[in-house]
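Asker:
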Amino acid sequence: HNEGGRGLATCLDPTGSTDTRVSMFGLLYGLYAEATRKNEYRFLILGVGGAGKTCVLEFLKTRFSPMPGLAPAQIVPTVGLNLARLEVPADGATATTTCVFWDLGGARGLREIWERYYAECDGVLFVMDAAADSETSDSEHAVDENKNETQDEVLRSVLDDSRLRGAPALVLVNKTDAVSDARADAIAKRCDAALVAAGISRHRVLKTVGTSGRGVDKGVDWLVGATVRSERAERRLAKAAAER
């Protein structure tokens, strides 16, 4: 029962005031805050254990947040996920873009949770470990070689998942300071071939050194710009706005 507008005021005003003028201000402020709220874009950072995903995330924190990220020597293997919300200048844009990065654990037993995040993400960043790469080896030491997925197989399984259809993809061939240029180039070509085979229209492969950040910023600037302009992100944001 709404008596003289008081019931409405009680619901709208978080201070508990029943003054309709106060509640109207609260309502208008809420509408203004909702209308001016920046869109938020979501990115997954994937790759096998030890590939350097968290180094990449901590470098991004250092570059795009007031608080510096962890130094490489302080980083431990991710169990579950690391999350960072950062203001990133998209490639070709004049304003920053609010980005949430989910760094998901890459150990063999943790990869099962990746798919839970696929439907809600807007872009994918996959980290390849060039130093541990061979077409038959994982970054981790395998107990049973018959059950050991190669990094290429893990990448292909991600790219082939229909829940990621339309998401721009960036592959970072990491730790290139530990291998020859020829080896890094060969890995990059394999990754590019996998992206093309999966039909990923918006993709890029870059060689990086996650501990120093070399090449990471260029790749992420591109990924954010491509994601902001993607139909996938536009659809998700439109759906989220309609549900508010």
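Residue numbers for the sequence shown follow the working numbering, beginning at 39 and rising by one. Just so it is clear, CB atoms sit at the ideal spot from N, CA and C, and this is done for glycine as well.
#1: Hey, out of Val94, Ser195, Gly87, Ser268, whose CA is closest to valine 254's CA?
#2: Whole angstroms are fine: how far does the CA of glutamate 125 sit from the CA of glutamate 272?
#3: With a CB to CB cut of under 7 Å and the five nearest residues on each side skipped, what residues in its chain are close to isoleucine 113?
#4: For the beta strand (DSSP E) containing tryptophan 260, list its first residue and its last residue.
#5: List the residues that DSSP assigns as beta-bridge partners of aspartate 167.
#6: Taking arginine 80 as the reference, give the member of Glu158, Thr214, Ser250 with the closest Cα.
#7: Contact defined as beta carbons within less than 8 Å: I believe tryptophan 140 pairs with isoleucine 225. What is the distance between those atoms, to the nearest angstrom?
#8: With respect to the beta strand (DSSP E) encompassing alanine 122, which residues constitute its N-terminal and C-terminal limits?
#9: My guess is that arginine 270 and glycine 257 are in contact by the Cβ rule of under 8 Å, so how many angstroms apart are they, rounded?
#10: Beta strand (DSSP E) containing aspartate 141: first to last residue?
#11: State the Cα-Cα distance for the pair glutamate 153 and serine 195, rounded to the nearest angstrom.
#12: Compute the Euclidean distance between the alpha carbons of leucine 193 and threonine 100, then round it to the nearest angstrom.
#13: Roughly how many whole angstroms lie between the Cα atoms of valine 162 and valine 209?
#14: So, is arginine 284 buried or exposed, given that buried needs 16 or more other C-beta atoms within 10 angstroms?
#15: Restricting to Cα atoms, I'd like to know which of Asp190, Ala168, Asp199, Arg203 is closest to alanine 222.
#16: Which of the three DSSP states, helix, strand or coil, is assigned to leucine 108?
#17: I need the straight-line Cα distance from valine 217 to threonine 135, nearest angstrom please.
#18: Where arginine 123 and proline 206 are concerned, what is the direct C-alpha to C-alpha distance, given to the nearest angstrom?
#19: Quick one: Cα of valine 138 to Cα of leucine 233, how far?
#20: Mind checking methionine 166: buried by the 16 CB within 10 Å criterion, or exposed?
#21: So what does DSSP say about alanine 207, is it helix, strand or coil?
#22: Quick check: the Cα distance between aspartate 160 and arginine 282, rounded to an integer number of angstroms?
#23: Express the C-alpha separation of alanine 236 and lysine 245 in angstroms, rounding to a whole number.
#24: Look at the alpha carbon of leucine 261 and the alpha carbon of serine 268, and state the distance between them as a whole number of angstroms.
#25: Pull up the distance between the alpha-carbon of alanine 278 and that of tyrosine 155, whole angstroms please.
#26: So leucine 193 is in the alpha helix (DSSP H); what residue range does that whole segment cover?
Answerer: Per the coordinate set shown:
#1: Val94
#2: 19 Å
#3: Counting only Cβ-Cβ distances below 7 Å, and skipping sequence neighbours, we find Thr92, Cys93, Glu96.
#4: It is not in any beta strand (DSSP E) - tryptophan 260 instead sits in the alpha helix (DSSP H) that spans 254–266.
#5: For aspartate 167, which the question treats as bridged, DSSP gives the partners Asn212.
#6: Selection Glu158, Thr214, Ser250 evaluated against arginine 80 yields Glu158 as nearest (Cα-Cα).
#7: The pair is not a contact, with the Cβ atoms about 24 Å apart (cut-off 8 Å).
#8: 119–127
#9: Contact flag wrong, Cβ pair sits at about 19 Å.
#10: 134–142
#11: Distance from the CA atom of glutamate 153 to the CA atom of serine 195, rounded to whole angstroms, is 10 Å.
#12: Just so you know, the alpha carbons of leucine 193 and threonine 100 end up roughly 27 Å apart.
#13: 8 Å
#14: An answer regarding residue 284 cannot be provided, because it is not within the stretch 39 to 282 covered by the chain.
#15: Nearest C-alpha to alanine 222: Ala168.
#16: coil
#17: Between valine 217 and threonine 135, the C-alpha separation is close to 34 Å.
#18: 19 Å
#19: Straight-line Cα distance between these residues: approximately 23 Å.
#20: buried
#21: The DSSP-derived three-state label of alanine 207 is strand.
#22: Distance from the CA of aspartate 160 to the CA of arginine 282, rounded to the nearest whole angstrom, comes to 19 Å.
#23: 21 Å
#24: 10 Å
#25: 16 Å
#26: 189–197
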